[in-house]
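Position in the sequence shown (first residue = 1) + 807 = our numbering.
Here the structure is laid out as structure tokens; the discussion comes afterwards.
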Amino acid sequence: GPPFIVSPPENITVNISQDALFTCQAEAYPGNLTYLWYWEEENVYFKNDLKLRVRILIDGTLIIFRVKPEDAGKYTCIPSNSLGRSPSASAYLTVQYPARVVNMPPVIYIPIGIHGYIRCPVEAEPPVTLVKWNKDGRPLRVEKYAGWNLLEDGSIRIEEATEDALGTYTCVPYNALGTMGQSPPARLVLKDPPYFTVLPGWEYRQEAGRELLIPCAAAGDPFPIIAWRKVGKPSRSKHNTLPGGTLQIRSLGKDDHGEWECVATNVVASITASTHLTVVGSPSFPSNLCQMPPRTRGQAAAVGGGWGGRMKRAQFGPHDWLSLPVPAGSSWLLVDTLEPETAYQFSVLAQNKLGTSSFSEVVTVNTLAFPVTTPEPLVLVTPPRCLTANRTQQGVLLSWLPPANHSFPIDRYIMEFRVGERWEILDDGILGTESEFFAKDLSQDTWYEFRVLAVMQDLISEPSNIAGVSSTDIFPPPDLTDEGLARPVLAGIVATICFLAAAILFSTLAACFVNKQRKRKLKRKKDPPLSITHCRKSLESP
């Protein structure tokens, strides 16, 4: 069968004059693979100035030697073994180089009386960060000239040019890699801008199908070129500009309805004049048909500007359209009872007393799946864990563990409490590095419930588990008066005295018993037992 790409090329970025290398590995049976490489849509071996600096290896690797800025773009690898349809894979080459000036004009024309620009045509990768200007061989300080401003792209905007602007200009662009040098010198010349000698009227009304001429003429040095354009959607009717600048529309159509501009342009400046054309007849087809977000599954909302609509499933043919009535004056329609995960097409038309427009452009809408599944957010933070509450004499010590999962460090914690049904904030500024909090000044004989929430960037986690504790006996005991003791304390004292008395009595009895046992043992040692011995007469004298 045909090859299968197992290692597609990847995007690479190299500096100018370095070598670029794209890898492309495929597998196939039979394995008589050949590789073709394309720059954009052109074979690399057919592209001028590139064909002498490329080489395709037997394993499909493409090497570009001494890359130039013009080599940047999309490169496509196509392996083939002459069986079936060959696959393809693409990657982009980015060439980084210092900022350089391209096509600096030798003469810069600035209009007199209106604003103008002194531009420095630059190419750079990465983008330009700074442009320095010289005027007559000296550094130009733009702030010294009234009405002059240095724009972000390095151009100088002149609000109203005077003779102070005359001179020779050069520019030097810079980016992160530096600059390729100064531009060629350009001489600034002041010229009168073009001006209209004949202006079109404010408004023109004509019936559909008729011819219409709208005059416009201009003059200047050099002589300007006049062109007409329609604002917004372009007209599909046949129209042209006559030699004097007049717009000619041979047969007015609904597309011609709207605003038109006459543009006069020469090397100094471009000026425009506007007029509005009203085509009398049936309305033109509605525009800007779009889908609003569906509110529930099986619904779609189409927005237009007409009083009639149609719909069909995308896979159906052109004869399967269904009509949809639209209430008069409405610019939207809610369509329900649609199938989930289905592509539908919508179109709308407009009507007036003179006729009906053609249908608008078709909009395709895909209904949602059932049930609706929402993708898991990329940034998440889980609740804090294992919240515990311990009573002390001074208050309640709350401890917890940080969230198990959080995309970024925790910024802070929020401690909440409740006595009844409503949760209230106890402290919302606990540092993200803390895992304990001491709650003081709680009301006595009250049951409290606590929970903690983690804050990461703009996200607040779900609350942790709830820890409950009673504030009874949290605080120091009340002061005792001389008149008497509190009942619990008195009971404790009596119990202690009884315990001590019992302990003394038990100790005394034990001591007596041990003493008697000791006396008996001593007495036995003083009176040894009697022993009887037999006396024999000795044969020997003592």
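Backbone N, C-alpha and C define an ideal beta-carbon position, used for all residues, glycine too.
Source: prediction; values computed, not measured.
Discussion item. Tell me whether the segment 1238-1248 and the segment 1300-1312 touch, counting them as touching only if at least three CB pairs, one residue from each stretch, are closer than 8 Å.
Written reply: No: the two stretches stay apart, fewer than three of their Cβ pairs being nearer than 8 Å.
Worksheet item: Start and end of the beta strand (DSSP E) containing Asn-822?
Response: Where Asn-822 is concerned, the enclosing beta strand (DSSP E) stretches over 819-822.
Fill in: Expected contact under 8 Å - CB spacing of Pro-1147 and Leu-1175 to nearest Å
That pair is a contact at about 6 Å.
Practice prompt. Please report how far the alpha carbon of Leu-1329 lies from the alpha carbon of Thr-1315, in whole angstroms.
Written response: Going from the Cα of Leu-1329 to the Cα of Thr-1315 covers about 21 Å.
Worksheet item: Hey, out of Pro-1007, Leu-995, Asp-1127 and Glu-1010, whose CA is closest to Cys-927's CA?
Response: Comparing alpha carbon positions, the residue from Pro-1007, Leu-995, Asp-1127 and Glu-1010 closest to Cys-927 is Leu-995.
Fill in: Helix, strand or coil at Pro-876 [DSSP, three-state]
Pro-876 falls in the helix class under three-state DSSP.
Worksheet item: Does the separation of the CB atoms of Gly-758 and Pro-894 fall below 8 Å?
Response: The shown model of the chain, from 808 to 1349, leaves out residue 758, and the question about it has no answer.
Worksheet item: Residues in its own chain within less than 7 Å of Trp-846 by CB, not counting five upstream and five downstream?
Response: The residues are Lys-854, Leu-857, Gly-880 and Tyr-882.
Item to complete: Sort out for me which residues DSSP pairs Asn-1173 with in a bridge.
Response: Looking at the DSSP assignment, Asn-1173 forms a beta bridge with Ala-1150.
Worksheet item: Which class does Glu-1066 belong to by DSSP, given the choice of helix, strand or coil?
Response: Strand at Glu-1066.
Worksheet item: Which term fits Ala-953, buried or exposed, when burial requires 16 or more other beta carbons within 10 angstroms of its beta carbon?
Response: Within a 10 Å sphere around the beta-carbon of Ala-953 sit fewer than 16 other beta-carbons, which makes this residue exposed.
Item to complete: Would you mind stating whether Thr-977 and Ala-906 have Cβ atoms separated by less than 8 Å?
Response: Going by C-beta atoms, Thr-977 is not nearer than 8 Å to Ala-906.
Worksheet item: Roughly how many angstroms lie between the CA atoms of Asp-1063 and Ser-1154, to the nearest whole one?
Response: One C-alpha to the other measures close to 21 Å.
Worksheet item: Do you know how far the Cα of Tyr-842 is from the Cα of Pro-876?
Response: Here the C-alpha atom of Pro-876 lies approximately 25 Å from the C-alpha atom of Tyr-842.
Discussion item. Can you tell me which residues form a DSSP beta bridge with Glu-1014?
Written reply: Val-1087, per the DSSP bridge assignment.
Discussion item. Once DSSP output is grouped into helix, strand and coil, what is the label at Lys-1344?
Written reply: Caution is warranted here: a pLDDT of 43 is assigned to Lys-1344, below 50, making its placement in the model unreliable, and the coordinate value is therefore given only provisionally. Here Lys-1344 sits in coil by DSSP.
Worksheet item: With a CB to CB cut of under 6 Å and the five nearest residues on each side skipped, what residues in its chain are close to Phe-1282?
Response: Caution is warranted here: a pLDDT of 47 is assigned to Phe-1282, below 50, making its placement in the model unreliable, and no coordinate value can be reported.
Worksheet item: What is the rounded straight-line gap between the Cα of Pro-810 and the Cα of Leu-864?
Response: When rounded, the distance between both Cα atoms is 17 Å.
Worksheet item: Whose C-beta lies closer than 8 Å to the C-beta of Asn-1212 among residues of the same chain, with five residues either side of it excluded?
Response: Hits under 8 Å: Leu-1187, Val-1188 and Thr-1189.
Fill in: Status (buried if at least 16 other CB within 10 Å, exposed otherwise) for Leu-1312
Answer is exposed; the Cβ neighbour count stays below 16.
Discussion item. If you reduce the DSSP assignment to three classes, tell me which class Val-851 lands in.
Written reply: Coil.
Item to complete: Below 7 Å CB to CB, which residues in the same chain sit around Asp-878 once its five sequence neighbours on both sides are set aside?
Response: So the qualifying residues of the chain are Leu-857, Ile-871, Leu-900 and Val-902.
Worksheet item: What do you reckon, are the CB atoms on Gly-1052 and Ala-1080 nearer than 8 Å?
Response: No, the pair does not count as a contact, with Cβ atoms beyond the cut-off.
Fill in: 8 Å CB neighbourhood of Asn-941 in its chain, flanking five on each side removed
Correct list, in chain order: Leu-947, Tyr-976, Thr-977, Cys-978, Val-979 and Gln-989.
Worksheet item: Looking at the C-beta of Asp-1127, does it have a partner C-beta in chain B at a distance below 8 Å?
Response: Here there is only one protein chain, and chain B is not present.
Discussion item. Going by C-alpha to C-alpha distance, which of Phe-829, Leu-840 and Ser-897 sits closest to Glu-848?
Written reply: Nearest Cα to Glu-848 within the set Phe-829, Leu-840 and Ser-897: Ser-897.
Worksheet item: Taking C-alpha atoms, which residue in Gly-1016, Glu-1231 and Phe-1003 lies nearest to Pro-1031?
Response: If we check each option's Cα against that of Pro-1031, Phe-1003 comes out closest.
Worksheet item: Helix or strand or just coil, what does DSSP make of Glu-1269?
Response: Look at Glu-1269 here: in three-state DSSP terms it is coil, with no helix or strand label.
Item to complete: Please go through the same chain and pick out, in chain order, the residues whose beta-carbon is closer than 7 Å to the beta-carbon of Leu-1084, but skip the five residues on each side of it.
Response: Cβ within range, chain order: Tyr-1011, Asp-1063, His-1064, Gly-1065 and Trp-1067.
Worksheet item: What are the start and end residues of the beta strand (DSSP E) that includes Glu-1231?
Response: Looking at the DSSP string, the run of the beta strand (DSSP E) that includes Glu-1231 is 1231-1238.
Worksheet item: For the beta strand (DSSP E) that Ser-1042 lies in, which residues bound it at each end?
Response: That residue, Ser-1042, is in no beta strand (DSSP E); it is neither H nor E in DSSP.
Discussion item. With H, G and I counted as helix, E and B as strand and the rest as coil, what does DSSP make of Phe-1030?
Written reply: DSSP places Phe-1030 in coil when its eight states are reduced to three.
Worksheet entry | Under 8 Å between C-beta atoms of Ile-1237 and Arg-1219 | Yes; because the gap between Cβ atoms is below 8 Å, this pair is in contact.
Worksheet item: Among Val-1074, Gln-825 and Leu-1260, which has the Cα closest to the Cα of Pro-912?
Response: When only C-alpha atoms are compared, the closest one is Val-1074.
Practice prompt. Measure from the alpha carbon of Ser-981 to the alpha carbon of each residue in Gln-1158, Val-813 and Glu-959, then state which is nearest.
Written response: Here the sequence assigns Tyr to residue 981, which means Ser is not the residue at that position. Ranking the options by Cα distance to Tyr-981, first place goes to Glu-959.
Practice prompt. Please classify Ser-824: is it buried, with 16 or more other beta-carbons within 10 angstroms of its beta-carbon, or exposed?
Written response: So Ser-824 ends up on the exposed side.
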